[in-house]
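Below is one structure, written out as C-alpha cells; comments come after it.
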Amino acid sequence: MIASARMHNSISIDVEDWLQSVVDPDLPLTDRFCRNTHKILDALAGVGVRATFFVLGLAAEKAPKLIREIQEAGHEVQSHGYGHRLVHTLTAEQFRADVERSKKLLEDITGLPITGYRAPAFTITLDTLWALDVLVECGFRYDSSVFPVPMRRYGIHGAPHYIHRLKTPDGREIIELPVASYRIAGRRIPTGGGGYFRLFPYSVLRRTLRQLNADGHGGTIYLHPHEYDPVELGELDHPVPWKRRMHQGLGRKGFPRKIDRLLADFDFVTMQEQIDSCTDLPVHEYRCRPEPSASGR
Ligand SMILES: [Zn+2]
Numbered sequence: 551m552i553a554s555a556r557m558h559n560s561i562s563i564d565v566e567d568w569l570q571s572v573v574d575p576d577l578p579l580t581d582r583f584c585r586n587t588h589k590i591l592d593a594l595a596g597v598g599v600r601a602t603f604f605v606l607g608l609a610a611e612k613a614p615k616l617i618r619e620i621q622e623a624g625h626e627v628q629s630h631g632y633g634h635r636l637v638h639t640l641t642a643e644q645f646r647a648d649v650e651r652s653k654k655l656l657e658d659i660t661g662l663p664i665t666g667y668r669a670p671a672f673t674i675t676l677d678t679l680w681a682l683d684v685l686v687e688c689g690f691r692y693d694s695s696v697f698p699v700p701m702r703r704y705g706i707h708g709a710p711h712y713i714h715r716l717k718t719p720d721g722r723e724i725i726e727l728p729v730a731s732y733r734i735a736g737r738r739i740p741t742g743g744g745g746y747f748r749l750f751p752y753s754v755l756r757r758t759l760r761q762l763n764a765d766g767h768g769g770t771i772y773l774h775p776h777e778y779d780p781v782e783l784g785e786l787d788h789p790v791p792w793k794r795r796m797h798q799g800l801g802r803k804g805f806p807r808k809i810d811r812l813l814a815d816f817d818f819v820t821m822q823e824q825i826d827s828c829t830d831l832p833v834h835e836y837r838c839r840p841e842p843s844a845s846g847r
C-alpha cells in the first residue's frame, strides 16, 4: 500500500455494449457486455472493493439479472441514461425522457432510488449545461459527466478537477465528480480512464491518483466492460472502420492487469461514499449561460 492510499478514490464502470454505444446506437446490444462485466465483478470481489456502476437502460433491459448481481455484490448502481444518445443530439425533453426511462428501469430492478448519472461520452459541456437542471428535476443528486479537460467533442476548459457543488443554469445545485486528470507543466491531461488509461503506462495513472490525493482530493476512475475484452474486435461481424478498430482495440490486452495494480495500490469506495466523506464542498458556477437552441433549451 502506498503512502497516499488513505484518500477516498472511486472506480466507476459504464455498463454498456461497445458496438451499440460506440459504433452505432441503433444496433442491438451483443451479449459481450455481460461476460465482460462479470470479469470486472470478479476482479473487484478478489480484493473486496466496491465500485459504482453507471448502467445503460438498454443494458438493464437486456440483462436485469446482471444488474441484480452487481447490486448483491455490494456495488452502487446508477444511471448511464437509456439509449447512449449524446446529450447535444437531444432536446431537453428528449433528454428528460431518456434519463427518466433509465432511472425507472433501474429503480424497478434495484428497489433503490437512482440518484447518480453519467452522460454518454461525457457530453455535458458548456453548450448542454441545461441538462444539469433536467437531472436535478428528475431527482438526481450527483453527476459525473463534465470532463475536466477540453477534448474535441466534449470537456470544459477550466472545469474543476475535484469534487464540487455545481450551480446549474437555473440556480440549483448538483454534486459533480470529474474523472481524474494529471497536472503536468501547467496543463491537465486526461488519464483517469477509457482510452487514456489503456494507452498510458500504469505509472501515469498511479502518479495521477498520488498527485490528486496529495492535494487533498479523491480521484475518480472510469472503465468499460469492453476494456476486458481483447478479442472483441477480431470476432465482430459488423464492419468497423480500421482507424476506429485500431484506436479502440489498443491497450485492451494489458488493461485488466493495470486495474489489478490500481486496486492493490489505492483504497476505493463507491462514489456516494466518496461524496459522503467530503465536508464543505466548494461551489462552482460557469459564467456563460448558453441560450436555448434547437438541440437544447
Ligand atoms: Zn458510455
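Residue numbers (this note's numbering): 551 to 847.
Quick reminder that beta carbons are idealized off the backbone N, C-alpha and C, glycines included.
(message) Between HIS638 and ligand 1, is there a pair consisting of the residue's CB and a ligand heavy atom that are separated by less than 7 Å?
(response) It does not: the Cβ of HIS638 is nowhere closer than 7 Å to a heavy atom of ligand 1.
(message) Can you tell me where the alpha helix (DSSP H) holding PRO806 begins and where it ends?
(response) 805–815 is the extent of the alpha helix (DSSP H) around PRO806.
(message) Per DSSP, what are the beta-bridge partners of LYS717 in this structure?
(response) GLU723.
(message) Taking the alpha-carbon of ILE563 as reference, which of GLY768, ARG668 and ASP677 has the nearest alpha-carbon?
(response) In terms of CA proximity to ILE563, ARG668 leads the group GLY768, ARG668 and ASP677.
(request) Decide if GLU680 is buried, meaning its Cβ has at least 16 other Cβ atoms within 10 Å, or exposed. (result) According to the sequence as given, residue 680 is Trp; it is not Glu. Flag for TRP680 reads buried.
(request) Return yes when at least one heavy atom of ligand 3 lies under 7 Å from the C-beta of ASP576, else no. (result) As for ligand 3, it is missing from this structure, which binds only ligand 1.
(request) Determine the DSSP secondary structure at LEU773, reduced to helix, strand or coil. (result) DSSP places LEU773 in strand when its eight states are reduced to three.
(request) Can you give me the start and stop residues for the beta strand (DSSP E) that TYR732 sits inside? (result) It spans 731–734 - the beta strand (DSSP E) in which TYR732 sits, taken as one unbroken run.
(request) May I ask you to check if the CB of ALA609 is nearer than 7 Å to at least one heavy atom of ligand 1? (result) Checking the 7 Å criterion, the Cβ of ALA609 is out of range of every heavy atom belonging to ligand 1.
(message) Can you look up PHE512 in the DSSP assignment and give me helix, strand or coil?
(response) No answer is possible for residue 512: it lies beyond the span of the chain, which begins at 551 and ends at 847.
(message) When you measure from the CB of PRO670 to every non-hydrogen atom of ligand 1, does any distance come out below 7 Å?
(response) Yes; taking the cut-off as 7 Å, the Cβ of PRO670 has a heavy atom of ligand 1 nearer than that.
(request) Taking 8 Å as the cut-off, decide whether the C-beta atoms of VAL572 and GLN798 are in contact. (result) GLN798 is positioned such that its CB atom lies closer than 8 Å to that of VAL572.
(request) Work out the CA separation of LYS717 and GLY607 for me, nearest whole Å. (result) Roughly 27 Å between the two C-alpha positions.
(message) Given this structure, state the Cα-to-Cα distance separating SER753 from LEU759, to the nearest angstrom.
(response) In this model, SER753 and LEU759 are separated by some 10 Å (Cα to Cα).
(message) Please return the same chain residues whose Cβ sits closer than 7 Å to the Cβ of ASP648, not counting the five positions on each side in sequence.
(response) Here the set comprises GLY631, TYR632, GLY633, ARG635 and LEU640.
(request) Kindly identify the DSSP beta-bridge partner or partners of HIS834. (result) Per DSSP, LEU716.
(request) Could you pull the start and end residues of the alpha helix (DSSP H) that ILE617 belongs to? (result) Looking at the DSSP string, the run of the alpha helix (DSSP H) that includes ILE617 is 614–622.
(message) Give me the residue from GLU626, PRO806 and GLN824 with the minimum Cα distance to GLY661.
(response) Distances from the CA of GLY661 to each of GLU626, PRO806 and GLN824 were compared; the closest alpha carbon is that of GLU626.
(request) Reducing DSSP to helix, strand and coil, say where ASP683 ends up. (result) Helix at ASP683.
(request) Whole angstroms is fine: what's the gap from ILE825's alpha carbon to ASP787's? (result) One Cα belongs to ILE825, the other to ASP787, and the distance between them is close to 42 Å.
(message) For ARG722, tell me which candidate among TRP568, ARG795, GLY801 and PHE690 has the shortest Cα-Cα distance.
(response) Minimum Cα-Cα distance from ARG722 among the listed residues TRP568, ARG795, GLY801 and PHE690 corresponds to PHE690.
(message) Buried or exposed for VAL597, going by 16 or more other Cβ atoms inside 10 Å?
(response) Residue environment for VAL597: exposed (fewer than 16 other C-beta atoms within 10 angstroms of its C-beta).
(request) Go through the stretch 553–596 residue by residue and report every complete run of the beta strand (DSSP E) that reaches 3 residues or more, in order. (result) Correct list: 559–565.
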